[in-house]
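Protein chains in written order, with my numbering: chain F, 426 to 669; chain X, 4 to 262; chain U, 754 to 996.
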Amino acid sequence: MEKKSELLVRERQLVAPGDVVARGLEFLPGAGSYRKNSDIRSKLLGLVRLKDRIVGVTPLSGVYVPKPGDGIIGTVSDMQSTFWIFDINSPYDALLQLGEATAEYVDISKTDISVYFDIGDVVYAKILNVSRSKNVTLTMNDYRAKKLIGGRLMKVTSSKVPRIIGKEGSMIELIKKYTGCHIVVGQNGMVWLKGSNEALAAKTVLMIEREAHITGLTDRVTAMLKSEGTPEPETAKEGGDENE
Amino acid sequence: MKTDYMKKLILAGTRADGRALDEFREIVVKKGVIKTAEGSAMVTIGQTKVIAGIKMDAATPYPDTPNEGNLIVDSEFVPFANPEFEAGPPSDTSVELSRVVDRGIRECHAIDTEKLVIVPKELVWSVHIDIHTINDDGNLQDAASLAAIAALQDCKIPKYDIGKKQVVKVETFVVSTGKPLPLNDTPVEVTVHKIGPKLFLDPTVEEEEASDAHVTIASTEDGSLCAMQKGGNGAFTIEELVRAAEIAVEKGREVKAAL
Amino acid sequence: MSKEGAPEKLIIHGKRLDGRKLDEFRPMKAEVGVIPQSKGSATFSFGETKAIAGVQGPGPMHPKGLQEPTRTKLRCHYFMAPFATSERGRPGRSRRSTEISKVIGEALSNVIFLEDYPKTALDIFMEILQANASTRCAALNAASMALAEAGIPMRDLVSSLSVGKADGEIVMDVAGAEDNFGDVDMAVATVGGGDAFVLLQMDGVITQSEFKVMLEMAKNGCAEVYQRQKEALMKRYTAEVSE
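If you want it as structure tokens, here you go:
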């Protein structure tokens, strides 16, 4: 007789590797979980994430593994005549081919491509493709892609990025409002800030990273920003919003 | 691909060379093969070939065993034995092999080390066993252990000049007393491998690559277990381990017959 | 064969020299997140034996020629601090630490999803700060927790301890005099407190039926260690919950 399918955890419950999160074949393993016989078990120390029948676990720590479609912030670490190599805060480097960086025709016998991006430049780009052997390619062919000039760069655990962005960008908007900063967040855990109160913005980002797993975070962040920041006057927004 | 093929065969209870899962290849033991060693033996199991040589010398005893002789076991995976072997310091597999051979001999007191004292608390015989792999076609552990035991059985104690504080030599050859080493037991090591739920013995080098996990079990004359070492990334259940011990003791007796 | 300094008896009236019952553990302590610079770290103690573990990676594997195209290369480094034993030990690698690093690596390779990070290297450093037997077991327990904290995907935790024989009796969690003068020491590790043995090393002389009893005792002991490891991992993140 088939056993009844059963979900054993709640959304955002803390689980450890090996914990049984669901029983029965009606549930499916998601990222961070695996099937063992008819049970679904966690692969990670993290928080449960439920989506319909898919039971996944988001880690509370860990390196960024590139995924196609992700918007990321990378730093140019090397280049050849027709491509750049980016450090994307991952065990894997990423490649940007000249053809994916500009639609213009470039005569490489006359042009050194460092005029576009030079070593050390910080760029927001999209991951075009990740091969099975983890060769990562980038593209600038995206409305959000651009070079990020000035400001400061921070690193956070990539799995905390959704919390930093917030539902439909609400958390980011909150930080922008009280710190007067332009903020760009890469799925790879790189955060770029530029504006009047970068220090407060950075402090807030770190606070979110530290306390992402604790409920009531939005209230605590709002309270801190209200007491330490200055709200921007409501004006019409300009420019594209990278983190929609 | 070869590995998957080997796995398939074993899971079906068969092997590429037609042997049964618990069958050893032909074992040949030749003692006294190295004239410059106090004891030596060459062991071949199928195409796997190892040589063990024993050198004895007087040494100070270890502080916690002042009235016992010393035992040291080393192994060298000579690069010509297997294209995967590299020159240089011992690999972790080589270190493990020698330490497991050592424990198989030491734990059951196969050598009566109390009878290896020259001057109590000051000078004792040290028995240094060196195992060199000549050809690796799998199961180096069992071959090495058998070679070490055979070499111990072949070993004769050298003459020692207490006055000059050295082993007596004529030209470059050590003079022997003709007396054998005092041996208490004949331990034998049998390594039991598994693929899925199937247990098998004496793998060839290709079967070894396909193996999920293995456990080397040393047993004594009276069937007790005196050393064990599990290796490989797979896992054993209690039932499998108990069964492996039974097989190791049973087959160990057959292996010993070759000595 | 008696060694210098051996006590007359190791077990008197069913109790061991340190007062424990035959199947009793020394007090265990497990803590996660002890090295702020490391993404995953933990300590584990059996009585006075204390081990600390830290994880580095997964990161790029150099030299490239040694990369494994489909999985991460797991490298385990077990060391004994020179001050861990009563007589100062020699720092650095030894044949013993090489062997122990190997068996610990094999035990962990059973549970880590190595294929999730091809071409990278994953390093686990374990150091014994204080040694009183069961050092490799404490190291492996700490390493399991450190890997979990670092977000390394695993099928389950690996839990380890040693069982032995002293004065002919089978005992749990060998220590002190039992380690030096007892008859048998068997170190084991299982996955998730169950029946899958991923580490097994035994020296001493036992019968086949004693072997079976020791395995059963070890399995139950590992299950208790597993609970402790789980508690420590949960504590790492729930201590801060303010509700």
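By construction, the Cβ of each residue, glycine as well, lies at the ideal position given by its N, Cα and C atoms.
Keep in mind that this is a model prediction, so the values were computed, not measured.
Under the criterion of beta carbons closer than 8 angstroms, residue 811 of chain U and residue 823 of chain U do not qualify as touching, at roughly 14 angstroms. Around the Cβ of residue 161 of chain X, a 10 Å sphere holds 16 or more other Cβ atoms; the residue is buried. Here the C-alpha atom of residue 34 of chain X lies approximately 15 angstroms from the C-alpha atom of residue 189 of chain X.
By the neighbour-count criterion, in which a residue is buried when 16 or more other Cβ atoms sit within 10 angstroms of its Cβ, residue 230 of chain X is buried. DSSP places residue 431 of chain F within a strand segment (E or B) once states are collapsed to three. Looking at U:873, U:886, U:807, the one whose alpha-carbon comes closest to that of residue 819 of chain U is U:873. Of all alpha-carbon atoms in F:630, F:585, F:642, F:457, the one lying nearest the alpha-carbon of residue 600 of chain F is that of F:630. Looking at the DSSP output, residue 579 of chain F shares a beta bridge with F:616. Non-local beta-carbon contacts of residue 546 of chain F in its own chain, meaning distances under 8 angstroms to residues more than five positions away in sequence, involve 500, 501, 572 in chain order. In the structure shown, residue 492 of chain F adopts coil according to DSSP, grouped into three states. Note that the C-beta distance between residue 763 of chain U and residue 931 of chain U is below 9 angstroms. Going by beta carbons, residue 446 of chain F and residue 482 of chain F fall inside the 9 angstroms limit. Taking 8 angstroms as the upper bound for CB-CB distance, residue 611 of chain F and residue 497 of chain F are in contact here, some 4 angstroms apart. Within the same chain, Cβ atoms closer than 7 angstroms to the Cβ of residue 936 of chain U are found at 918, 919, 957, 958, the five residues on either side in sequence being excluded. When rounded, the separation of the alpha-carbon atoms in residue 102 of chain X and residue 127 of chain X is 22 angstroms.
Within the segment 771–786 of chain U, no residue has a Cβ lying closer than 7 angstroms to any Cβ of chain F.
With respect to chain U, the C-beta atom of residue 463 of chain F has no partner C-beta closer than 9 angstroms. The shortest CA-to-CA distance from residue 563 of chain F to any of F:609, F:551, F:556, F:536 is the one to F:551. Excluding five sequence positions before and after residue 814 of chain U, the CB atoms of its chain that fall closer than 7 angstroms to its own CB belong to 820, 826, 872, 873, 874, given in chain order.
One Cα belongs to residue 240 of chain X, the other to residue 816 of chain U, and the distance between them is close to 38 angstroms. Nearest Cα to residue 37 of chain X within the set X:227, X:66, X:113, X:54: X:54. Under the three-state reduction of DSSP, residue 813 of chain U is assigned to strand. Here residue 800 of chain U is not near residue 948 of chain U, since their CB atoms are 9 angstroms or more apart.
For residue 14 of chain X, the secondary structure class from DSSP, reduced to helix, strand or coil, is helix.
Within chain X, the residues 236, 237, 238 have their CB atoms less than 8 angstroms from the CB of residue 863 of chain U, given in chain order. Bounds of the alpha helix (DSSP H) holding residue 889 of chain U are 888–902.
Annotated three-state conformation of residue 651 of chain F is helix, per DSSP. Contacts with chain F at 9 angstroms (Cβ-Cβ) do not include residue 943 of chain U. When secondary structure is reduced to three states using DSSP, residue 837 of chain U falls in the helix class. Excluding five sequence positions before and after residue 118 of chain X, the CB atoms of its chain that fall closer than 7 angstroms to its own CB belong to 185, given in chain order. A check of alpha carbon separations from residue 456 of chain F across U:904, U:896, U:881 identifies U:904 as the nearest. Within the same chain, and ignoring the five residues on either side of residue 468 of chain F in sequence, the residues whose Cβ sits closer than 8 angstroms to its Cβ are 442, 457, 458, 459, 482.
In the three-state reduction of the DSSP assignment, residue 162 of chain X falls in the coil class.
Nearest CB-CB separation between residue 917 of chain U and chain F: not below the 9 angstroms threshold.
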